Every structure is written in structure tokens, then in C-alpha cells.
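Numbering (my numbering), first residue to last: 451 to 890.
No residue lacks a Cβ here, since even glycine has one placed at the ideal position from N, Cα and C.
All figures in this text were calculated on a predicted structure; none of them were measured in a lab.
This report concerns only the one structure given below.
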Amino acid sequence: MKHYLLIILIGFGIVISCNNENTIYEVGQDFIDSNTLIFEVDTLSLKISTIISDSLVTSGTARILIGALQDNDFGNLTAQSYFSVYSSVFNLDKNAIFDSISLVMHYDRYYYGDTTLVQTYKVYEIIEVFEPNDEDTYFYNTSSLAYNTEPIGKQSFTPYPNKRDSINIPLNYGFGKNIFDKIVDDEITDSNDLTKEFRGITIKSDPNTNTILGFNYSTYNDQSTSIRLYYTLNDGDNSENNKYYLDLKLEGGNKIFNNITSDKTNTFLSSLADSEDILSSTETNNKTYIQSGTGISMRVDMPTLSTLNALENNGTALGALLKIYPDYSSYDDVNLIDSLAVYIIDNKNRTIKQLTSLSGSAVYAKLNSEENEFDSSTNYTVDVSAFVEEILTSSYTLNYALRFEFPSNTSTINRILINDNKSPENSNYKMKLLLTYLTY
């Protein structure tokens, strides 16, 4: 629908200059001639699709992610963390006696799913050199390392990520004593020796749970996850003052990563496998999908945008706003993330650059909602004026589109379904491009 708006010059206080027949108008400019018309267009064609990245870099991840989700829309997901450890202290007293070893994991308050369910974590020792594949520089969400099939630790617990600070998983006594004795006997004197003896651990969750938990990771924070060796100094004093521990801390960088994979069998996304695949919303029940951690994101094409130049001999876009409505059923029990990151991509889904404003600053899709966050009128809006201007003013055809994803795309497991521009039928909650266009 096009609304031809009469410009009432006095009412809007617009200054007019008719002396220059070659007046050039930029997006957002306030000076227009009296023979101009503004078209407000909200029926421009949109093509909405779901796409996927081959892999996401998770080396040096901002948090440890562990758990599993059963999801009818996105498929069953698992998150498994791998990391190596180090220490700056190896000069233990020769009289030190090993007591026990534990994996101490500090919550970072992130979670997704049902935290009322009992979780069961198993800890395994990595038996492969902790390095990416020869052809890779980093670890990805699809990466893995070989580990012993027999766990060295196991713990069942009910998570309280906002009430308690940590969980403690006891590890195998013999495993810990072997490391401890070699430190005492000076067979392990630095982190290189430690890595040769012990390459790291991986933590897996029971696949039947329905929760993802985040744990703190830092190479310098006392509240970071660590492997803790408890010991006693046998000095003849039976007091509690002779109890000590040594923390093996996470090494960071390329020595920690999260493996995040999903089985999309029996979902609308089952055919989505390659980074160049484009799955139309017409094949996914007029919905498009966004999920962090797995690389699933939304693609929005504006195929008829360039035809606006044919409306008149001269014209320019005054502004463009894309309005996006989440499918109510996909967030009725989860708080929505307050923004989505937006990138310009090409016809093969390759990233060109982040979407920016006309002034060059990064632009995000911002959440708008009424007092009730779960009201069906909840939407995201994003200013795409600069993108539209680039398409309209280019001297050649730009086969560009927009990709939408969660900002913390590699350190969270969030998901949402978005209505396309055809669903729901007879509804105002369809995706739409609101374009204000000036002809003169």
C-alpha cells in the first residue's frame, strides 16, 4: 500500500528553496521542494529464510557451556566443554600428603531451560594432544578431542545458578594422587610437564536433561572453574590449620572450547547443512529460526528494493525501518534477548560487514514491548536506512541481504522463531519493511 502524503509546508515549518533545479537530497535531509511527494511503502516484497554457519569459533570462549536440550523446532542439542589446566605453583612440601581431588565449577548465572531438573555430569580425561586440526587455527563448535571412555568423576545435582556459587565434582582418587605425587617428587615442575602428564578434561551432561548451564571461566579470577588438589601437611599437628589445596586453573586461549551440536532430524531444519544453503520460510511453516551456539540465523532479502528508482526520475529514501515479530509460542516461557546483531551478507551468505547507521555506528535490532513482555505485539525494529540507500545508489546490482543473530552467538544457547511476511494470516504481526521515499 502506498500513502501519498500532502506536505503542509507551514505546518511542518519546512524551509523551501526552489531556485536550484538540481537540488540533491540525502537520506534524512529536511529541505524539500513544494512539488515533492513522500511515499510511505509497507508492502515491498521480502524473502525470509533460515541459514546456518558451517562452524563457529569457540576457542577462548567467554563461558563454559554444559547440558542438553530436547527441542521440537531446532532439534536435540548438546553442549560439551573441553579445557586444559595450568599452575604457577609446583613447589609442594615433601611432607605433603594427598587427600582428594575435585572439579570446582563456579556458576556465571547463565542458564537456558529447566533448572528444576536433576543434572548428571560426567568428567573424562582427554588423551589427545590439545591442539586444533592441522588445517585449523582455532577450535570450533563442531570440534572434539579424544578422551577415555571411563569417567574420572560423576555428580548428580539440582542447579541453583542464581543462589549458589559453585558445584563440586569429586574426581578419581588414583588419578589425583598420580598428579600430586609427581609434583611432590619434582617429576612435574612446570606447566609443560603438567600438560605432558595430563592433557585436560571434558565434561558431558546426561543427554536426557533439558538444561544448559554456564560456568565461569577466567585465568586469574578466584571464582573461576578449576581442578582442586586437597592435601595435608604432616607436621604432627592435628588441627585444621594444616589443610591446604592447590588449584589447577583453566589455561584459556586455544586451550578451552565448547562443542555445541544439534541433531535436526525430523525438524523443518533437517535439510539445512551447508553455509550456502538458504531455507525459505515457505518451507518452514512461514517461520524463520535463530539460535546461538549452533550458527542458525535469519536471512532477509529485499528483492524489489532497487525498483523504487523507477517510481520517478529522481528520488531518495528518507528512512527505512524493518519490523520483526517473534512467534509468541517460541518465547512464552523465556525472556527475550533485548537486541539482535545484524550483518550484511552476499548471495552465498558470506559476511560483508556489520549493519551500520548513516553515521557509521553499528546498528542492532532492538526489542520493543508493552508492560507485559509476553504480549503478542512484542517486536524488534531495526533502522536499515543506510542499507537501503546503499542498494538504491549503487551503480551496479548488489545481491545483498541481512543476517540476524544473537549478539553472544558463541557463548549462549538462545533461540527464537520469527514470523515471516506472510504469517500469521490476516494479522498485523507479520514482518514488514516501512520505507519512506521522496520523489521530486
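Short Cβ contact (7 Å threshold) for residue i with residue j
| i | j | result |
| --- | --- | --- |
| residue 740 | residue 619 | no |
| residue 706 | residue 700 | yes |
| residue 598 | residue 578 | no |
| residue 860 | residue 508 | yes |
| residue 813 | residue 833 | yes |
| residue 548 | residue 627 | yes |
| residue 808 | residue 836 | yes |
| residue 609 | residue 673 | no |
| residue 841 | residue 755 | yes |
| residue 726 | residue 622 | no |
| residue 651 | residue 573 | yes |
| residue 806 | residue 818 | no |
| residue 709 | residue 858 | no |
| residue 879 | residue 775 | yes |
| residue 545 | residue 684 | yes |
Best match in the options for proximity to residue i [C-alpha to C-alpha]
| i | options | result |
| --- | --- | --- |
| residue 744 | 863, 887, 831 and 753 | 863 |
| residue 501 | 768, 861 and 728 | 728 |
| residue 676 | 668, 830 and 629 | 668 |
| residue 488 | 514, 683 and 767 | 767 |
| residue 724 | 503, 496, 495 and 644 | 503 |
| residue 795 | 788, 808 and 748 | 748 |
| residue 533 | 544, 513 and 546 | 513 |
| residue 682 | 673, 693, 672 and 674 | 693 |
| residue 557 | 585, 664 and 582 | 664 |
| residue 711 | 746, 878, 819 and 726 | 746 |
| residue 495 | 753, 651 and 738 | 753 |
| residue 703 | 845, 506 and 510 | 510 |
| residue 733 | 585, 884 and 870 | 870 |
| residue 666 | 659, 614 and 649 | 614 |
| residue 559 | 868, 742, 612 and 545 | 612 |
| residue 757 | 882, 878, 848 and 793 | 848 |
| residue 522 | 804, 506 and 713 | 713 |
Straight-line Cα distance separating residue j from residue i
| i | j | result |
| --- | --- | --- |
| residue 770 | residue 886 | 6 Å |
| residue 478 | residue 498 | For residue 478, the predicted model reports a pLDDT of 45, less than 50, meaning its position is unreliable and no value from the coordinates is stated. |
| residue 736 | residue 730 | 8 Å |
| residue 821 | residue 828 | Confidence at residue 821 is low in this model, with a pLDDT of 47, below 50, so its placement is unreliable and the value that follows should be read with caution. Rounded to the nearest angstrom, the two C-alpha atoms are 10 Å apart. |
| residue 601 | residue 815 | 44 Å |
| residue 696 | residue 679 | 5 Å |
| residue 535 | residue 786 | 35 Å |
| residue 634 | residue 581 | 28 Å |
| residue 645 | residue 661 | 32 Å |
| residue 845 | residue 890 | 20 Å |
| residue 751 | residue 525 | 26 Å |
| residue 641 | residue 571 | 27 Å |
| residue 659 | residue 882 | 38 Å |
| residue 639 | residue 647 | 11 Å |
| residue 884 | residue 722 | 30 Å |
| residue 872 | residue 625 | 59 Å |
| residue 804 | residue 585 | 27 Å |
| residue 877 | residue 738 | 17 Å |
Beta carbon proximity, residue i to chain D, threshold 7 Å
| i | result |
| --- | --- |
| residue 653 | Here chain D cannot be found, since the structure has a single protein chain. |
Proximity test, residue i beta-carbon vs the ligand SAH heavy atom, cut-off 6 Å
| i | result |
| --- | --- |
| residue 588 | In terms of ligand content, the structure shown is empty, and the ligand SAH therefore cannot be addressed. |
Review point. Per the contact definition of three or more C-beta pairs closer than 8 Å, is the region 532-542 in contact with the region 599-606?
Key: no
**Study point:** the region 770-783 in contact with the region 511-518 per 3-pair CB rule at 8 Å
**Key:** no
Check your understanding: Between the region 848-859 and the region 707-720, do three or more beta carbon pairs fall short of 8 Å?
Key -> no
Point to revise | the region 610-618 contacting the region 547-556, beta-carbon criterion three pairs below 8 Å | key: yes
Review point. Are at least three pairs of beta-carbons, each pair with one atom in the region 559-572 and one in the region 582-590, less than 8 Å apart?
Key: no
Review point. Taking three-plus beta-carbon pairs below 8 Å as touching, is the region 529-537 in contact with the region 640-658?
Key: yes
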